[in-house]
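With our numbering, letter number 41 in the sequence shown gets 68, and the count goes up by one each step, no holes.
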Amino acid sequence: MSMLSQISGFETSRLSQCIDNKKQRRARVSRHYLSSGSFALSSDEISLLSRYNSLP
């Protein structure tokens, strides 16, 4: 196998792995800003707040 073929194969493999890693990171559930930090509200509390704070 020529050197260019090897480099091309390695690069294709590396790019494929990077894409897979990005998909895994995006699959994580993002946390609501109120569920972290000093607030630390539960998801039920956040749901209640959003229900009662929405304007008709």
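Ideal placement from N, C-alpha and C gives every residue a C-beta, glycine not left out.
1. At what residues does the alpha helix (DSSP H) containing Ser74 begin and finish?
2. Using the C-alpha atoms, what's the distance from Ala67 back to Arg78?
3. What's the C-alpha gap between Met30 and Ser40?
From the atom records:
1. For this step, residue 74 is matched to residue 47 along the sequence shown. Ser74 -> alpha helix (DSSP H) spans 70 to 80.
2. The sequence position of residue 78 within the sequence shown is 51, counting from 1. The sequence position of residue 67 within the sequence shown is 40, counting from 1. Rounded to whole angstroms, Arg78 to Ala67 spans 18 Å at the Cα level.
3. To locate residue 30, count along the sequence shown from 1; it is residue 3. To locate residue 40, count along the sequence shown from 1; it is residue 13. For Met30 and Ser40, the distance between alpha carbons rounds to 15 Å.
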